[in-house]
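First up is the structure itself, then whatever we jot down about it.
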Amino acid sequence: MASVESLFRLDGRVAVITGGAGLLGYQHAATIAGLGGIPVLLDINDEALATNAARLAEETGCQAPSYVVDITELQALEAVGQQLLAEHGRVDILINNAARNPKVESAGDKDFSRLEHFPWEQWQLDLNVGLGGAFNCAKVFGAQMARQGRGVIVNIASDLGVIAPDQRLYRVDGREAEQQPVKPVTYSVVKHGLIGLTKYLATYWCEQGVRCNALSPGGVYAGQNDVFVSKLTQLIPLGRMAEADEYRGAIAFLCSDASTYMNGANLVMDGGRSTW
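This note's numbering applies: residue 1449 is where the sequence shown begins, and numbers increase by one.
If you want it as structure tokens, here you go:
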């Protein structure tokens, strides 16, 4: 019988992480590296990607491969997949982490985020990245894992894929109701959609040994203004936002053999917010 510690090891496993230039993308990569795996960072932001790769090397000693790629472009992803197979021979893990988080307001447009005025072009862009990108990555890397007979897909959803945004968090004193900022509709649609995609993929490739689960994190503190933080934390039983590194344990569990009987599930880690 394997030890509990050994169940979490990822020695030599290749983990593709989209949104690798972001705050949580780095944390996912550091988790994989710390457990002996090989994180592969994908992002369209070349400067931030290079920064995260350099930080990862400095803090963990892992020289993670990184690729500047638009995940909405299937052919570009296929080229990355071919290069990974040439260099590593396999892909073991896919973390669909990339997403756009549209601003509550855009400069000079007080009601930009409101549903009545939300631009169609913005809707398409947000869904193309958050859902279309995950779909493309599943087509390329998930299909490769199915051919191998083993693999894990983790879709990063959100507590807002389980509950609706509380628009009171974004209200500004002194504005008319029709000009109050709101959390844009696309964020909720994408995150709900990722949970649906999780269930689909979990049953689609299960006979080929590929599991798929979702992680729905709550809000991560990243210097948001004090008024917003105060409002939000009143909605969370634990009374605070998450720190960026608090999801490492969940990623380790979902990506490793510690969760071999977990498939099609959504792991919610939101400080209890969705229970109220």
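Beta carbons: idealized from backbone N, C-alpha and C, even for Gly.
Report task. Name the residue from 1658, 1568, 1646 whose alpha carbon lies nearest to the alpha carbon of residue 1632. Result -> As a position in the sequence shown, residue 1632 is number 184, starting the count at 1. Closest option to residue 1632, Cα to Cα, is 1568.
Query raised in the report: Considering only residues of the same chain and omitting the five flanking positions on each side of residue 1607, which have a CB-CB separation below 6 Å?
Result: Sequence index remark: in the sequence shown, residue 1607 carries index 159 (1-based). Result list for residue 1607: 1664, 1666, 1718, 1721, 1722, in chain order.
Query raised in the report: Roughly how many angstroms separate the alpha carbons of residue 1522 and residue 1506, rounded to a whole number?
Result: In the sequence shown, the residue the question calls residue 1522 occupies position 74. In the sequence shown, the residue the question calls residue 1506 occupies position 58. Taking the straight line joining both Cα atoms gives about 32 Å.
**Report entry** Beta-bridge partners of residue 1663, as assigned by DSSP
**Finding:** Numbered from its first residue, the sequence shown carries residue 1663 at position 215. Beta-bridge pairing links residue 1663 to 1604, 1715.
Report task. Could you give the DSSP three-state label for residue 1479: helix, strand or coil? Result -> In the sequence shown, counting from the first residue as 1, residue 1479 sits at position 31. Helix at residue 1479.
Query raised in the report: By how many angstroms is the C-alpha of residue 1481 removed from the C-alpha of residue 1655?
Result: Against the sequence shown, residue 1655 aligns to sequence position 207. Against the sequence shown, residue 1481 aligns to sequence position 33. Here the alpha carbon of residue 1655 sits roughly 28 Å from the alpha carbon of residue 1481.
**Report entry** Meets three-Cβ-pair contact criterion under 8 Å: the region 1535-1552 and the region 1602-1618
**Finding:** Flag = yes, the region 1535-1552 and the region 1602-1618 touch.
Query raised in the report: Would DSSP call residue 1500 helix, strand or coil?
Result: The residue you call residue 1500 lines up with position 52 of the sequence shown. Note: residue 1500 maps to helix in three-state DSSP.
Query raised in the report: Taking C-alpha atoms, which residue in 1597, 1489, 1576 lies nearest to residue 1540?
Result: For the purposes of this step, residue 1540 is identified with residue 92 of the sequence shown, where counting begins at 1. Taking residue 1540 as reference, the option from 1597, 1489, 1576 with the minimal CA-CA separation is 1597.
Query raised in the report: Secondary structure at residue 1491, three-state DSSP: helix, strand or coil?
Result: Position 43 of the sequence shown, counted from the first residue, corresponds to residue 1491. Residue 1491: strand per DSSP, three-state reduction.
Query raised in the report: Looking only at its own chain, which residues have a Cβ that is under 8 Å from the Cβ of residue 1526, when we skip the five neighbours before and after it?
Result: Translated into positions along the sequence shown, residue 1526 becomes position 78. Closer than 8 Å at the Cβ level, and outside the excluded window around residue 1526, lie 1588.
**Report entry** residue 1729 burial status per 10 Å Cβ neighbour count (16 or more: buried)
**Finding:** Residue 1729 is absent from the structure shown; the chain starts at 1449 and stops at 1724.
Requested in this report: Can you grab the Cα-Cα spacing for the pair residue 1556 / residue 1492, in whole Å?
Outcome: Along the sequence shown, read from residue 1 onward, the residue named residue 1556 stands at position 108. Along the sequence shown, read from residue 1 onward, the residue named residue 1492 stands at position 44. Because residue 1556 sits at a pLDDT of 48, beneath the cut-off of 50, its placement in the model cannot be relied upon, and the point is left open.
Query raised in the report: So does the region 1473-1480 actually touch the region 1694-1702, counting three or more Cβ pairs closer than 8 Å?
Result: The region 1473-1480 makes contact with the region 1694-1702: 3 or more CB pairs, one atom from each, lie closer than 8 Å.
Query - Buried or exposed by the 16-neighbour rule on C-beta atoms within 10 Å, applied to residue 1584 - result: Reading the sequence shown from its first residue, position 136 is the one you call residue 1584. By the 10 Å Cβ count, residue 1584 comes out buried.
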